[in-house]
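Just so we're aligned: the sequence shown equals residues 214 to 1025 in our numbering.
By construction, the Cβ of each residue, glycine as well, lies at the ideal position given by its N, Cα and C atoms.
Source: prediction; values computed, not measured.
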Amino acid sequence: MTMKQLIVLLAICLLGLEAQQVFAQSDPLEPGRQAFREGRYKDAAEVFGQVAQENPQLAEALFLLSRVYFETPLYDEGRARRTLEQALEIEPENVEFLVARLEQYRVPSWGLLGDRMREARRLDTARRILKIDPSNAHAHEELGRVYIRDFWRYRNAIMMPSVSYGYAGSGRESDDPNYDDLGQETFDDYLDGTAASNPNNFAVINPNEVFLGDQFDLGTLRAQGVDVLDLSRRAERAYQRAVGHLEKALEVDPRRRSVYDEMMQIYVLKGEYEDAMSTLDVMYRFYPEDPDLWRYLGVANYQLGNMDAANRSFETAFEFMERDERRAYEDLGLFLTRDEKRQEAADSVAYRARYWASQDPRFLTSYNERKLEHYFRLTYADLLYSSKGLDLRGWETERGQILIRYGRPISDIVLHPQEDGVFSARQAVVGAMVNSVTSAADDSAGTMPITIDGSQSFGNVYSTVREAFEEMNSYNIWEYGDFRFVFEDPFRNGEYRMYSPSAEDMATRVNSFENDYIRITKEIIRETPQRYEYEAPGRQIELPFLISSFKGDGQQTELFVNYGIPLESAYDPSAEMIEVNASAGTFLINDQREVLVERTRNIYGLPTNQVMSFAEQHLWVDTQEMRVPSGTHELSVEFETASGQTVAVQRREISVPDYNQPGVILSDIMLAYSVEQAENGAPGGAAEVVRKDLSILPAPWSVYSTEWPIYLYFEIYGLDLNAQGSTDYDVEITLEPKNTDRGVRRVVRGIFGRDREGVSVSYTGSGSQTEEYLYQILDASDQETGLYTLTLVVRDNATGKKSERTQDLFLE
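Okay, structure coming up:
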């Protein structure tokens, strides 16, 4: 660098320093801003406070001082608000100041009244902002939040304005005007909150004529004539307004991260998952690695039936999640007993894998539907039931945990027993004064109306503060069919808890014990820790199947699973193929919930030469073979079309015999439609199987036409060889109408040996091997239709021992 260049550079630096000093002198707030940026908050507060004293009309100094007390470790909410209000007195239309006020009023207050007042002030501030700046994202988000809360309150809310009980002669006669008789205009005004409800307008029910064993049984209340006011129209208006404001906030500022959470919350509340997907597409552009994005995509895809996409979405969410949050999705604590929790602690990964395998309703799919439902419930609970005031995630709250155990309720109703609106402290105070003045002279005991829970009311003025809060209480009732849960929100702040009557109620009210839902919930959880019922995405069909087991090599058993796929009655038998793309699978699961064997098959068209036609059904028949260990297992046979519109899942516990035992043992009976000699060891048809040089067309169910021959294939093991090196055994096969007699009738029939219709075959056989592979054809053409019992008995004449198999069979 030359001397000239160095001189020029020094001159520029000196000019910049001088300019900075001049700017600092012209802007007295700059030193405070610099201190704020550097984290020297006390210095910043001193500068801003000094400038505000020297320049009382400099609103920005007060605004910056407010920020110090609101955003830093020097937090002082009162000082922050006072200085900000002073700034707004100077510049009442400064949008930046108004937005700061909006943020300050979002801090939770000391209680219900404070929260309600802050909510009203936020609403007023947001409207002021929009008058000045109609596209302000902060204000639109705030209004969206307000209307979300309204939607929460009224989306499934009802009121019972007529539930006041009185006796004849009490001054509240049954001929008083009924709420239903009010005009439509008054009704609409009431919904909009422009007209207060008047208790004198509501009918009275004689408590001697109405028995309320459970005050939360809404069906019974309706049946007994209680007026129930639906608030869904108000909820719909709130929904439209909330979405409108939130969409506007994103339009102005698509990087406002919190708006996506709020939009997802209201979409989930309303069930608008298509709209949710559109919003999540926008979120993906700006937050592609946000775990919440992928959780929300999992929820939306799951509800839209896109299971593969839902599974991928949740798995992607786990990749981006913090460890603590992911642990919540892995935890099984709600479902396990103490002993099971100890087992899980020994090897959590293996135990959880076995647990979810035991809950999987379909093994044919690449995802676990029960696990996806669990992920959905966790995210749903976190979206809707988190408690910011208590710093609890949704899965930590009482409602969230009930939802995770039992899923979404059949009916979810919010009940406002009487009044709807903001609680008035003045009502409580005046009520207490009225009570103290009139209690001594009150001679009308027993004539005042009582509310649904038994507490007395005096028009709109409450007799005690406790009763005033009781009148404010709202209840969230979750119906699951055979049981229900009731939560209460006594402070109307959205912090619901399990409902339990007070100690005073327990002592004075007949039905309080029956309404103690803390007690009831414990009993329900003990008897039913969780609930999940699989629902097929499309049409669910029955898939008939029969199993036959035979001795295999070594310790294994050969298992044949013969199944039939029901066809539409309109299929064309002249066509070579029925056009369908599908998957079929058979899965064997042991008592440790491990999949021992699986056989899956992709089906590209169903050959019509594998169709068997019955009186009311056409079945496409097929067989899966597997080698399995002996013991008790669960067999799952599954089928699904490629579109997912047709699904079948059939499960059955089976007992696989151990054929490596001494003595004569019969295999299972394989029912078949044909048995022929296999040429060159190849099956004779597409649906046939080869067993010991025989080509067999197995039956998927035990239904035969009387016009068909009945083929039986069976094997005998463990025959003794006599001195000549040959076996000697008897075979007896009978097919007779199933004996459905019971008790004395069965004994009498046995004593008198009453003949029964049927078919029987018996013969003596011999051979040079200890095992035999046999089949038999039965002619049932002269038999009546109905249910029959097939019995196969083999007796080893060398030892006198026998083995027997029975199977039901239906002739049509």
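- Query: For P212, does the count of other Cβ atoms within 10 angstroms reach 16, so buried, or fall short, so exposed?
  - Reply: No information on residue 212 is available, as it lies outside the stretch 214 to 1025 that the chain covers here.
- E528 versus T859 - alpha carbon distance: Translated into the one-based positions of the sequence shown, residue 528 becomes position 315. Translated into the one-based positions of the sequence shown, residue 859 becomes position 646. The alpha-carbon atoms of E528 and T859 are separated by roughly 27 Å.
- Distance between beta carbons of G252 and L278, contact taken as under 8 Å: Here residue 278 is taken as the residue at index 65 of the sequence shown, counted from 1. Here residue 252 is taken as the residue at index 39 of the sequence shown, counted from 1. Their Cβ separation, rounded to whole angstroms, is 17 Å, which puts L278 and G252 out of contact at 8 Å.
- Message: I need the straight-line Cα distance from F276 to F310, nearest angstrom please.
- Response: Within the sequence shown, the letter at position 63 stands for residue 276. Within the sequence shown, the letter at position 97 stands for residue 310. Straight-line Cα distance between these residues: approximately 7 Å.
- How many angstroms separate the CA atom of V810 from the CA atom of R447? Within the sequence shown, numbered from 1, the residue matching residue 810 stands at position 597. Within the sequence shown, numbered from 1, the residue matching residue 447 stands at position 234. Going from the Cα of V810 to the Cα of R447 covers about 56 Å.
- Backbone CA spacing between R1018 and L577 [nearest angstrom]: Within the sequence shown, residue 1018 is the residue found at index 805, counting from 1. Within the sequence shown, residue 577 is the residue found at index 364, counting from 1. Their backbone Cα atoms lie some 32 Å apart in a straight line.
- Whose CA, out of L242, R590, I760, G327, lies closest to the CA of P870? One-based indexing of the sequence shown puts residue 870 at position 657. Comparing Cα positions, the closest option is I760.
- Query: With burial defined as no fewer than 16 other Cβ atoms inside 10 Å of the residue's Cβ, what is the status of M646: buried or exposed?
  - Reply: Locating residue 646 in the sequence shown gives position 433, counting from the first residue. Its pLDDT being 33, under 50, M646 is placed unreliably by the model, and nothing is read from it.
- DSSP-derived helix/strand/coil call for W914: As a position in the sequence shown, residue 914 is number 701, starting the count at 1. Coil.
- Residue span of the alpha helix (DSSP H) that contains L884, given as start and end: Indexing the sequence shown from 1 puts residue 884 at position 671. First-last for L884: 883–890, but that is the beta strand (DSSP E), not the alpha helix (DSSP H).
- Specify whether the region 1009–1017 and the region 927–945 touch according to this definition: at least 3 beta carbon pairs, one from each stretch, less than 8 Å apart. yes
- Message: Using 8 Å for Cβ pairs, my map puts Y178 next to A451. What's the rounded Cβ distance?
- Response: Outside the shown range of the chain (214 to 1025) lies residue 178, about which nothing can therefore be said.
- Leaving out the 5 sequence neighbours to the left and right, which residues in its chain are closer than 7 Å to V1006 when beta-carbon positions are compared? Counting from one through the sequence shown, the residue named residue 1006 turns up at place 793. Once the five neighbours on either side are set aside, the close Cβ partners of V1006 are E945, K1015, E1017.
- If we count the other Cβ atoms within 10 Å of its Cβ and call it buried at 16 or more, is W323 buried or exposed? Start at 1 with the first residue of the sequence shown, and residue 323 comes out as number 110. Per the 10 Å Cβ criterion, exposed.
- Query: When DSSP labels each residue in this structure, what does K1014 get in the three-state scheme?
  - Reply: The residue labelled residue 1014 in the question sits at position 801 within the sequence shown. Three-state DSSP puts K1014 in coil, outside helix and strand.
- Ignoring anything shorter than 4 residues or poking outside the region 439–488, list the alpha helix (DSSP H) runs there in chain order. 445–465, 470–483
- Task: Have a look at F773, E755, A783 and flag the residue whose alpha-carbon is nearest the alpha-carbon of M839.
- Result: Within the sequence shown, numbered from 1, the residue matching residue 839 stands at position 626. Residue F773 is the option with its Cα nearest to M839.
- The alpha helix (DSSP H) enclosing K764, as first and last residue numbers: Stepping through the sequence shown from its first residue, residue 764 is reached at position 551. K764 -> not in any alpha helix (DSSP H); beta strand (DSSP E) instead, spanning 758–764.
- Message: Would D729 and P714 be called neighbours here (beta carbons separated by less than 8 Å)?
- Response: For this step, residue 729 is matched to residue 516 along the sequence shown. For this step, residue 714 is matched to residue 501 along the sequence shown. Yes. Within cutoff.
- Query: Is DSSP giving E502 helix, strand or coil here?
  - Reply: Along the sequence shown, read from residue 1 onward, the residue named residue 502 stands at position 289. If DSSP states are grouped into helix, strand and coil, E502 belongs with coil.
- For Q270, count neighbouring Cβ atoms within 10 angstroms of its own Cβ and tell me buried if that reaches 16, exposed if not. Within the sequence shown, the letter at position 57 stands for residue 270. Flag for Q270 reads exposed.
- Counterpart residues of Q266 in DSSP-defined beta bridges: Locating residue 266 in the sequence shown gives position 53, where the first residue counts as 1. Per DSSP, none; premise fails for Q266.
- At what residues does the beta strand (DSSP E) containing T578 begin and finish? Locating residue 578 in the sequence shown gives position 365, where the first residue counts as 1. From DSSP, T578 is part of no beta strand (DSSP E); its letter is neither H nor E.
- Message: Please report the straight-line C-alpha distance between E1025 and A783, rounded to a whole angstrom.
- Response: The count along the sequence shown starts at 1 and reaches residue 1025 at position 812. The count along the sequence shown starts at 1 and reaches residue 783 at position 570. Cα to Cα, E1025 sits roughly 21 Å from A783.
- Task: Report buried or exposed for M825, applying the criterion of at least 16 other Cβ atoms within 10 angstroms of its Cβ.
- Result: For this step, residue 825 is matched to residue 612 along the sequence shown. Buried: at least 16 other Cβ atoms inside 10 Å.
- Query: Are the region 871–885 and the region 751–765 in contact at 8 Å, needing three or more beta carbon pairs?
  - Reply: yes
- Message: For a quick check, are the C-beta atoms of E984 and G978 less than 8 Å apart?
- Response: What you label residue 984 is simply residue 771 of the sequence shown in a count that begins at 1. What you label residue 978 is simply residue 765 of the sequence shown in a count that begins at 1. Result no, Cβ atoms of E984 and G978 do not sit closer than 8 Å.
- Query: Under three-state DSSP, which class holds G357?
  - Reply: The count along the sequence shown starts at 1 and reaches residue 357 at position 144. Three-state result, G357: helix.
- Task: Tell whether a beta-carbon distance below 8 Å holds between E354 and R469.
- Result: Start at 1 with the first residue of the sequence shown, and residue 354 comes out as number 141. Start at 1 with the first residue of the sequence shown, and residue 469 comes out as number 256. Contact flag set, yes.
- By DSSP, does E789 sit in helix, in strand, or in coil? In the sequence shown, counting from the first residue as 1, residue 789 sits at position 576. Of the three classes helix, strand and coil, the one that applies to E789 here is coil, per DSSP.
- Item | Alpha-carbon to alpha-carbon, S687 and P703 | Taking the first residue of the sequence shown as 1, we reach residue 703 at position 490. Taking the first residue of the sequence shown as 1, we reach residue 687 at position 474. The straight-line gap from Cα to Cα measures roughly 6 Å.
- Using 8 Å as the Cβ pair cut-off and three pairs as the minimum, do the region 741–760 and the region 813–820 touch? no
- Message: Among the candidates L356, I479, F758, whose CA atom is the shortest distance from the CA of E332?
- Response: Within the sequence shown, numbered from 1, the residue matching residue 332 stands at position 119. Comparing Cα positions, the closest option is L356.
- Run through DSSP, which three-state label would P820 get? Here residue 820 is taken as the residue at index 607 of the sequence shown, counted from 1. Three-state DSSP puts P820 in a strand.
- Quick one: what does DSSP say F283 is sitting in, helix, strand or coil? On the sequence shown, residue 283 is found 70 positions in, with the first residue counted as 1. Note: F283 maps to helix in three-state DSSP.
- Item | C-alpha gap between I361 and Q837, whole angstroms | Against the sequence shown, residue 361 aligns to sequence position 148. Against the sequence shown, residue 837 aligns to sequence position 624. Going from the Cα of I361 to the Cα of Q837 covers about 55 Å.
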